[in-house]
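Undergrad: Just so you know, we're using the numbering used here here: the sequence shown kicks off at 68 and counts up by one.
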Amino acid sequence: MKLSTQWLQQYVDLDHSPEAIEEALTLIGFEVEGVEKTGLPDMPEVVVGEVLASEPHPNADRLSVCRVAVAAGAEPSTIVCGANNYRVGDRVPVALPGATLPGGFRIKASKLRGVRSEGMLCSGNELGIDDDAEGLLILDGRPEIGTPINQVFPGGDVVYDVEVTPNRPDCLSHLGIARELAAYFGLELRYPTLTHSLAPAEKPSSRRLLDAVSVEAEEDCPLYLAYTVTGVKLAPSPEWLQRSLTAVGLRPVNNVVDITNYVLLELGQPLHAFDAAKIEGKKLVIRHAVEGEKIVTLDDRERELGKRMMVIADARSRWSWPVSWGVSMPRSMTAPPISCLRRRIFAPRLSGVRRGASTSLRTAPTASNGVSIPAG
Numbered sequence: 068m069k070l071s072t073q074w075l076q077q078y079v080d081l082d083h084s085p086e087a088i089e090e091a092l093t094l095i096g097f098e099v100e101g102v103e104k105t106g107l108p109d110m111p112e113v114v115v116g117e118v119l120a121s122e123p124h125p126n127a128d129r130l131s132v133c134r135v136a137v138a139a140g141a142e143p144s145t146i147v148c149g150a151n152n153y154r155v156g157d158r159v160p161v162a163l164p165g166a167t168l169p170g171g172f173r174i175k176a177s178k179l180r181g182v183r184s185e186g187m188l189c190s191g192n193e194l195g196i197d198d199d200a201e202g203l204l205i206l207d208g209r210p211e212i213g214t215p216i217n218q219v220f221p222g223g224d225v226v227y228d229v230e231v232t233p234n235r236p237d238c239l240s241h242l243g244i245a246r247e248l249a250a251y252f253g254l255e256l257r258y259p260t261l262t263h264s265l266a267p268a269e270k271p272s273s274r275r276l277l278d279a280v281s282v283e284a285e286e287d288c289p290l291y292l293a294y295t296v297t298g299v300k301l302a303p304s305p306e307w308l309q310r311s312l313t314a315v316g317l318r319p320v321n322n323v324v325d326i327t328n329y330v331l332l333e334l335g336q337p338l339h340a341f342d343a344a345k346i347e348g349k350k351l352v353i354r355h356a357v358e359g360e361k362i363v364t365l366d367d368r369e370r371e372l373g374k375r376m377m378v379i380a381d382a383r384s385r386w387s388w389p390v391s392w393g394v395s396m397p398r399s400m401t402a403p404p405i406s407c408l409r410r411r412i413f414a415p416r417l418s419g420v421r422r423g424a425s426t427s428l429r430t431a432p433t434a435s436n437g438v439s440i441p442a443g
């Protein structure tokens, strides 16, 4: 399991060195299999600039000559650029002469096809921020001209790859590990704050999205809880959420998928989100797979299920969803989800495919400070 230090710091004030945290994790029983440091190196000569003007290069069809403000009150710089995804007025990272970029690439003033260029406009890839090398990194929020890029993207993160033993399912989450580190270092633990109540409504809604949840395999699934949420629209997740998932190796998909993954990694509570309009019979059935039943997983492989594997299906078994696998949704289920379903499942017989949820499904949530957290 990967743990982000910045994520852990939401729950406990960890101001210790990465080496001290690694030692603490080891001493409290979690083997650290790897430590990865992310973020920008110190680049004082890379600053925020604003594109004031852009004209075609006189000697090259694919290049432009830009006038770029790089410091308040200073004369704009002339910089030759090969990207085409920017507009006049955009604020972008500018590597000034003397800057050294990741990989040791040093910037100097030079002539490009006969035009003097006083620096370089940078992509996210060139700064080590992301993998996008196709165009300039357009900075959101319009940071002040001349601001060092290290202030726009402050600090890096330290990510620990930790092996959690089977007897500690309560630690299969950032909050669970934060609790252990808080105890080790003698620090206060902060639980997440809920701003919305899940108390039962005074009267049922006139529009029922889901009529029933049927558990047909109580031995392996003693409890399945479902909540319905209306008015949800698929959209990209906010930057903070995407950043949290990316830090621990997950690819952001959309707001619905991402928040279910976030809750899993924060609390150890697996979630599924379904489009209620696509659930035949308005009923969910939690059952064992039928011998020979097949599904397609996210790696585009068709897999045959064993009869002891747990699946979630609708009333007509028109689709099934193994509780521990990432499964490719049928095309008919790509509409914006309007029903979020939350579950707690004990499933000792899941599958041979190991995923984060398959282990977390054994975690028993409890209530503390109004937040559902792994039992400890």
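Even for Gly, the Cβ is constructed at its ideal location relative to N, Cα and C.
On the DSSP bridge list, what partners appear for Asp228?
TA: In the sequence shown, counting from the first residue as 1, residue 228 sits at position 161. In DSSP, Asp228 forms a bridge with Lys69 and Gly101.
Undergrad: Taking the straight line between their C-alpha atoms, what separation do you get for Leu206 and Arg158?
TA: Walking along the sequence shown from the start, residue 206 turns up at place 139. Walking along the sequence shown from the start, residue 158 turns up at place 91. Distance between the alpha carbons of Leu206 and Arg158 is about 6 Å.
Undergrad: Drop a sphere of 10 angstroms on the beta-carbon of Pro160, count the other beta-carbons inside from all chains shown, and report buried for 16 or more, exposed for fewer.
TA: The residue labelled residue 160 in the question sits at position 93 within the sequence shown. Pro160 is buried by the Cβ-count criterion.
Undergrad: Can you check whether the CB of Val118 is closer than 8 Å to the CB of Val182?
TA: Translated into positions along the sequence shown, residue 182 becomes position 115. Translated into positions along the sequence shown, residue 118 becomes position 51. Their beta carbons are not under 8 Å apart, which means Val182 does not touch Val118 by this criterion.
Undergrad: Mark Ala414 as exposed unless 16 or more other C-beta atoms lie within 10 angstroms of its C-beta, in which case mark it buried.
TA: By 1-based counting over the sequence shown, the position of residue 414 is 347. Unreliable positioning characterises Ala414 in this predicted model, as indicated by a pLDDT of 42, which lies under 50. The coordinate reading is nonetheless provided below. By the neighbour-count criterion, in which a residue is buried when 16 or more other Cβ atoms sit within 10 angstroms of its Cβ, Ala414 is buried.
Undergrad: Please list the terminal residues of the continuous beta strand (DSSP E) segment that includes Ser144.
TA: Here the question's residue 144 lines up with position 77 in the sequence shown. Under the DSSP assignment, Ser144 falls in the beta strand (DSSP E) whose first and last residues are Ser144 to Cys148.
Undergrad: In this structure, does DSSP put Asp381 in helix, strand or coil?
TA: On the sequence shown, position 314 is the one that residue 381 refers to. DSSP places Asp381 in strand when its eight states are reduced to three.
Undergrad: Does Val115 pass the burial test, meaning 16 or more other C-beta atoms within 10 Å, or should it be called exposed?
TA: Counted from its first residue, the sequence shown places residue 115 at position 48. Note on Val115: 16 or more other CB atoms within 10 angstroms of its CB, so buried under the neighbour-count rule.
Undergrad: Check whether the Cβ atoms of Ala245 and Val79 lie closer than 8 Å to each other.
TA: Reading the sequence shown from its first residue, position 178 is the one you call residue 245. Reading the sequence shown from its first residue, position 12 is the one you call residue 79. Here Ala245 is near Val79, since their CB atoms are less than 8 Å apart.
Undergrad: Once you ignore the five residues that flank Leu444 on each side, which residues in its own chain have a CB closer than 7 Å to its CB?
TA: Because the chain is modelled from 68 through 443, residue 444 falls outside the range shown and cannot be assessed.
Undergrad: Going by DSSP, what residue range makes up the beta strand (DSSP E) through Ala139?
TA: In the sequence shown, the residue the question calls residue 139 occupies position 72. Note, Ala139: premise wrong, no beta strand (DSSP E); not H, not E.
Undergrad: I'd like to confirm the pairing. Which residues does DSSP put opposite Met187 in its beta bridges?
TA: For the purposes of this step, residue 187 is taken as residue 120 along the sequence shown, with counting starting at 1. In DSSP, Met187 forms a bridge with Ala162.
Undergrad: Tell me which residue opens and which closes the alpha helix (DSSP H) that Gly116 is part of.
TA: Numbered from its first residue, the sequence shown carries residue 116 at position 49. Run containing Gly116: none in the alpha helix (DSSP H); it sits in the beta strand (DSSP E), Val113 to Pro123.
Undergrad: Taking the runs of the alpha helix (DSSP H) that are 4 residues or longer, which of them lie wholly in the region 272-331?
TA: DSSP runs (the alpha helix (DSSP H)) wholly in the region 272-331: 306-314.
Undergrad: Arg354 lies in the beta strand (DSSP E); which residues open and close that run?
TA: As a position in the sequence shown, residue 354 is number 287, starting the count at 1. Note, Arg354: beta strand (DSSP E), Lys350 to His355.
Undergrad: Hey, quick one: how far does the beta strand (DSSP E) through His339 stretch, first residue to last?
TA: As a position in the sequence shown, residue 339 is number 272, starting the count at 1. Counting along the chain, the beta strand (DSSP E) containing His339 begins and ends at Leu338 to Phe341.
Undergrad: So what's Lys374 in DSSP terms, helix, strand or just coil?
TA: By one-based count along the sequence shown, residue 374 stands at place 307. Correct three-state label for Lys374: coil.
Undergrad: If Ile212 and Ala139 are in contact, beta carbons under 8 Å, what's the gap, nearest whole angstrom?
TA: Taking the first residue of the sequence shown as position 1, residue 212 is located at position 145. Taking the first residue of the sequence shown as position 1, residue 139 is located at position 72. With 8 Å as the limit, Ile212 and Ala139 qualify as a contact, their Cβ atoms being about 6 Å apart.
Undergrad: Out of Arg375, Gly223, Glu193 and Gly171, state which residue places its alpha-carbon closest to the alpha-carbon of Arg354.
TA: Taking the first residue of the sequence shown as 1, we reach residue 354 at position 287. Arg354 has its Cα closest to that of Arg375, out of Arg375, Gly223, Glu193 and Gly171.
Undergrad: What residue from Glu103, Glu100, Lys104 and Val147 has the CA that sits closest to Glu122's CA?
TA: Taking the sequence shown and counting its residues from 1, one reaches residue 122 at position 55. Checking every option, the nearest Cα to that of Glu122 belongs to Val147.
Undergrad: In chain order, what residues of the same chain have a beta carbon less than 6 Å from the beta carbon of Val113, not counting five sequence neighbours either side?
TA: Counted from its first residue, the sequence shown places residue 113 at position 46. The answer, listed in chain order, is Pro160, Ala162, Ala166 and Ile216.
Undergrad: Where does the unbroken beta strand (DSSP E) through Leu94 begin, and where does it stop?
TA: One-based indexing of the sequence shown puts residue 94 at position 27. Leu94 -> not in any beta strand (DSSP E); alpha helix (DSSP H) instead, spanning Pro85 to Leu94.
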